[in-house]
Amino acid sequence: MGEDVIFGEEEDSEQETLFESEEEDNEEQDVLFGEDSEESEAEDTADEENEDVLIDENNTENETETDAEETEDDETEYSTEKEQNDIDEDSGKKEEAQAGDESAATDEQIGDLEERLDELEQKTDSRDKEELDEVKARLDEVEESVKEPDISDEIEDLKNDITYLEEKIEGTEETDISSLENRLDEIDRADEIEQVKDRLAEKSDLIEEIRNNHEERMEKLQDEIDEFKDREVSGEGTEENLQEIENEVEELAEDIEGVLDRQSEFEEKLQDFNPGDFDRLQVKVQNIENSVEELEKQEEEKDVSKLSEEVEQLKGMISDYKWIFNDFDDLAELKLLSQDEYRELRDEAKETQPEETNEKVKAIEELSENMERFAEKVEPGQELREDIELLKQKVQEMEEREEQNSLGPLVKRVERQEEQIEEIREGYQELGEMMELVLKELRETR
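Counting in my numbering, the sequence shown runs from 5 upward without gaps.
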């Protein structure tokens with residue numbers, strides 16, 4: 005009987021140790037799986053309670069058997085051992101069933117964990133895709149807005165949005181990585197840890213790739229922004245140049261308008277000009293020439309110096325007259341005296357020779373007045389070429405015949421003035437070419 009008591013106590017201690025180990029396993033599983041194993045824990049708790057009841061019953065039976073064994077004889081030992089063996093078999097079966105339940109619960113928890121990991125990966129992928137779509141949309145908006153003239157505000161908003169997205173992505177990555185690391189710390193099985201690490205590595209590669217793409221897009225966008233700013237700076241210089249050109253063009257346009265106004269005034273004065281005055285002027289010039297010839301023949305009787313002064317005045321007026329016109333070809337249309345008319349006038353001058361001095365003075369005065377009046381009406385031109393050539397020939401003849409007189413400087417003066425007129429003509433031609441270039445540039449600018 006003493007051996008039976010010892011055997012019963014050993015069995016009780018073994019069962020209690022077994023149950024304690026099972027409770028420790030259950031507690032470790034609860035710590036590992038957390039909230040995901042609440043249902044399994046409830047089931048394990050129910051199993052433990054049932055086992056505790058069985059243990060209590062077994063203990064009670066053992067105590068009863070022990071008391072009975074003290075009073076019973078040796079024949080009851082066999083039945084007690086048999087019952088104890090049955091109890092051991094029942095406890096072994098229960099342990100096997102409990103181990104199977106624990107394995108099933110562990111597998112179920114592993115499946116739940118894998119489902120949660122898949123959901124987390126899907127959520128992370130969806131968030132990354134949404135953020136990438138948002139970044140792409142913002143980049144498209146920036147590319148469209150870069151074409152507009154004023155995008156400084158939009159660029160600042162885009163920079164703020166990109167900064168916010170970067171911070172959000174970094175926060176999401178840190179949160180996801182920290183949560184995955186916490187979940188990995190809770191897993192003890194090596195295979196599951198390796199699988200999760202592999203998935204985390206893939207996720208990290210994907211995140212790194214997304215980050216690299218994002219950085220490349222940011223660099224590209226920054227280059228485009230810098231290029232656009234450079235274009236704005238160069239555009240400001242171009243605008244200043246264009247403004248200067250426009251100011252110059254406006255000044256040139258004003259000069260052109262002034263030239264056109266002077267041209268219109270010249271045309272009006274030409275319309276007001278009376279050809280009869282010019283004819284009378286020619287007659288008077290011829291009269292003066294005739295008088296000069298008569299005076300040459302009567303050098304001994306007349307004062308040649310006075311006539312020279314008159315001729316010099318006449319030459320001055322003629323030179324002034326040359327300054328008036330810019331087109332000598334128009335003189336071809338003017339009426340000139342024929343040789344017969346010239347002889348008639350010379351004969352008449354011989355008959356009226358006593359009065360020629362007064363007439364010469366009056367003619368010169370009248371010619372001077374007519375020249376001044378005509379100079380006020382007509383702008384510089386080239387309309388008296390033929391008359392000037394005739395006068396020049398006459399002067400040359402007079403110079404040949406009157407070498408002793410002071411007509412040489414007069415001829416030189418006429419020649420010098422003719423050279424000046426030629427220079428002025430060239431200057432007007434250059435001015436016309438320059439005005440044509442200005443007008444052409446003005447048309448191209450407009």
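Beta carbons: idealized from backbone N, C-alpha and C, even for Gly. Here the structure is a predicted model, which is why all the values come from computation and not from measurement.
Between Asp132 and the set Leu143, Leu441, Thr176 and Leu117, the nearest pair of CA atoms involves Thr176. In terms of Cα proximity to Ser295, the closest of Glu261, Asn251, Glu258 and Asp351 is Asp351. With contacts defined by Cβ atoms closer than 8 Å, Glu135 and Leu162 do not form a contacting pair. In this model, Glu422 and Gln290 are separated by some 21 Å (Cα to Cα).
Counting C-beta atoms within 10 angstroms of its own C-beta, Thr179 has fewer than 16 neighbours from the protein chains shown and is therefore classed as exposed.
Rounded to the nearest angstrom, the gap between the Cα atoms of Ile292 and Gln433 is 35 Å.
For Glu213, the closest C-alpha among the options Leu441, Asp144 and Ile173 is that of Ile173.
Between Lys127 and Arg142, the alpha-carbon positions lie close to 22 Å from each other. Residues of the same chain with their beta carbon placed closer than 7 Å to that of Arg420 are lacking, with the five preceding and five following residues left out of the count. Taking a 10 Å sphere around the C-beta of Leu441, we find fewer than 16 other C-beta atoms and assign the residue as exposed. Taking the Cα of Lys140 as reference, the smallest distance to any Cα among Leu121, Glu437, Ile166 and Ser183 is reached at Ile166. Taken atom to atom, the span from the alpha-carbon of Glu138 to that of Glu112 is near 39 Å. Straight-line spacing of the CA atoms in Met438 and Arg429 works out to 14 Å. Looking at the backbone, the Cα of Gly115 and that of Ala109 are separated by about 10 Å. Here the alpha carbons of Glu171 and Lys224 stand approximately 20 Å from one another. Looking at the backbone, the Cα of Val287 and that of Glu297 are separated by about 15 Å.
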